[in-house]
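So in full-length UniProt numbering, the last spot in the sequence shown is 417, and the numbers never skip.
Ideal Cβ placement from N, Cα and C applies to all residues, glycine included.
Below is one structure, written out as structure tokens; the observations come after it.
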Amino acid sequence: MSSSASVFSSHWPIISPTTTTTTKRIHLSSRHVSPRMSVNQTPQPQAQSNSKTLLTALTKLLWGPSLPPGLLISTVRAAWNSTWQLMMSQLAPSDPSGGYTRPQSKFRLANSSRQNPPNPNLHLYVGLPCPWAHRALIVRALKGLEDAVPVSVAAPGQDGSWEFRGSPVQNREGVVLVPGEDKANKCRNLREVYRSRKGGYDGRATVPMLWDVGRKEVVCNESYDIIEFFNSGLNQLARNPGLDLAPDSLKERINEWNLMIYPNINNGVYRCGFAQSQEAYDRAVNDLFSTLDKVEAHLGGSRYLCGDTLTLADVCLFTTLIRFDLVYNVLFKCTRKKLVEYPNLHGYMRDMYQIPKIAETCNFSAIMDGYYKVLFPLNPGGIRPVTPSGCEYEVLFTPHNRESLSSAGKQTQAYVS
Ligand SMILES: N[C@@H](CCC(=O)N[C@@H](CS)C(=O)NCC(=O)O)C(=O)O
Numbered sequence: 001m002s003s004s005a006s007v008f009s010s011h012w013p014i015i016s017p018t019t020t021t022t023t024k025r026i027h028l029s030s031r032h033v034s035p036r037m038s039v040n041q042t043p044q045p046q047a048q049s050n051s052k053t054l055l056t057a058l059t060k061l062l063w064g065p066s067l068p069p070g071l072l073i074s075t076v077r078a079a080w081n082s083t084w085q086l087m088m089s090q091l092a093p094s095d096p097s098g099g100y101t102r103p104q105s106k107f108r109l110a111n112s113s114r115q116n117p118p119n120p121n122l123h124l125y126v127g128l129p130c131p132w133a134h135r136a137l138i139v140r141a142l143k144g145l146e147d148a149v150p151v152s153v154a155a156p157g158q159d160g161s162w163e164f165r166g167s168p169v170q171n172r173e174g175v176v177l178v179p180g181e182d183k184a185n186k187c188r189n190l191r192e193v194y195r196s197r198k199g200g201y202d203g204r205a206t207v208p209m210l211w212d213v214g215r216k217e218v219v220c221n222e223s224y225d226i227i228e229f230f231n232s233g234l235n236q237l238a239r240n241p242g243l244d245l246a247p248d249s250l251k252e253r254i255n256e257w258n259l260m261i262y263p264n265i266n267n268g269v270y271r272c273g274f275a276q277s278q279e280a281y282d283r284a285v286n287d288l289f290s291t292l293d294k295v296e297a298h299l300g301g302s303r304y305l306c307g308d309t310l311t312l313a314d315v316c317l318f319t320t321l322i323r324f325d326l327v328y329n330v331l332f333k334c335t336r337k338k339l340v341e342y343p344n345l346h347g348y349m350r351d352m353y354q355i356p357k358i359a360e361t362c363n364f365s366a367i368m369d370g371y372y373k374v375l376f377p378l379n380p381g382g383i384r385p386v387t388p389s390g391c392e393y394e395v396l397f398t399p400h401n402r403e404s405l406s407s408a409g410k411q412t413q414a415y416v417s
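Below you can see the structure in the form of structure tokens.
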């Protein structure tokens, strides 16, 4: 690499007040320079545009109006690749073949505490783009636990943390959940909440997170534990205690579906998006679409995964399906087919969306912005692509005609209205 190229690869985006190259000696006056910026600090929009202007000015000074294209491409590639690898190694760890390995949740709920909650004074933390948090919101709504388990909705911040806002932001849907303040702890972000537990915590501050208000402790940050607990552990507080999304008679089938759907679909889309080798991506995308094909075939003769009864397995599948065409198909390269091309899966998704209270848990603006603009810098330009035709929000209300698959009629369980 030429010495002028190394100025870029080693100093970008760190720019010091006096930048020296061996080809040209240039002293930048302080008016050209922003304060030193480290790679750990994410520039705010204004700072981003300042650094863009500064970078453009610097390259013009060094090389004139146009940088030699070969040099430009190779330096950007080097900088891009190394920051990408650094980020992925820390945030999306992989196995030796480049396959994404999701870190384990730290706070799990023991079986015993699911039956007898230690303290019913609970609070739920969620973020709206997150499919795992969405599971908890759906079960909370279906069970009628909104009063028993208040929720604080965080928004993804520029540095990847979940942040709270002073006041809820109104959006056009009006009734759907929107980000707002931390109602339980008045923290500025979720990291602060995790840290405020006795003993502190410096690990990943993920959503969903169930918080014990009385003991100031994290109860659980694993979505499946939380939804099992909401389903059966808080019936004394639920407005719809009769709804059982995991009846004993179906537990085995639910488990079988989960064992297939979690690795290949729920986590499968992430395995596609975070693959760090072609081989790992090929494996993930094949697993994903062969499993979607199997579920599609099954749903041709069954209203829900386990027959007429909506279960936790359906909730888990739904939160991935509802993001599929809007996000995963494009951003995570889940491109073999769109969900809208699967008539049974798409009808099933609409069927679930139309169950009272589920639509209110879906905030498509937050989902799109979260993935394309903020959550993970997979899309550096931050441009939110146009919604594919046939995947518009209104389509979700079109008839699904799946009642005929259900022997028990239109609504198989009593949902809270
Ligand atoms: N296994 C966890 C996964 C939760 C998770 O990864 N949440 C993401 C958002 S989609 C998160 O909060 N990430 C923040 C971070 O990793 O720092 C669950 O199912 O609850």
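- Segment contact: the stretch 253-263 against the stretch 346-364, fewer than three CB-CB distances shorter than 8 Å; contact not assigned.
- Listed as beta-bridge partners of Cys272 by DSSP are no residues whatsoever.
- Taking a 10 Å sphere around the C-beta of Asn401, we find fewer than 16 other C-beta atoms and assign the residue as exposed.
- Membership of Gly347 in any beta strand (DSSP E) is not indicated; the residue belongs instead to the alpha helix (DSSP H) covering Pro343 to Tyr353.
- Spatial neighbours of Pro156 in its own chain (CB-CB distance under 7 Å, excluding positions within 5 residues in sequence) are listed in chain order as Gly127, Pro129, Trp162, Gly370, Val374 and Leu375.
- Counting along the chain, Val374 sits inside no alpha helix (DSSP H), nor does DSSP assign it H or E at all.
- Spanning the alpha carbons of Leu396 and Leu58 requires a straight line of approximately 50 Å.
- Sequence-distant Cβ neighbours of Tyr348 in its own chain, meaning closer than 7 Å and more than five residues away, are Leu299 and Arg402.
- Proximity of the beta carbon of Tyr224 to ligand 1 is indicated: a heavy atom of the ligand is located closer than 7 Å.
- Beyond the five residues adjoining it in sequence on each side, Ala238 comes within less than 7 Å, by CB distance, of Lys143, Gly144, Leu145 and Ala148 in the same chain, given in chain order.
- Using a C-beta cut-off of 8 Å, the stretch 272-289 makes no contact with the stretch 343-358, since fewer than three inter-stretch Cβ pairs fall below that distance.
- DSSP places Asp212 outside any alpha helix (DSSP H); the residue lies instead in the beta strand (DSSP E), whose first and last residues are Met209 to Asp212.
- Taking C-beta separations shorter than 7 Å and ignoring five residues to either side along the sequence, the partners of Thr320 in its chain run Pro131, Ile265, Asn266 and Val269, following chain order.
- Counting every other CB atom within 10 Å of its CB across the protein chains shown gives Pro65 a total below 16, marking it as exposed.
- For the 8 Å CB-CB criterion, Lys333 and Asp325 do not form a contact.
- Residue pairing for Ala155: DSSP places it in a beta bridge opposite Glu163.
- Following the DSSP letters along the chain, one finds Val76 inside the alpha helix (DSSP H) bounded by residues Pro69 to Leu91.
- A direct Cα-to-Cα measurement between Val151 and Lys183 gives close to 8 Å.
- The DSSP-derived three-state label of His400 is coil.
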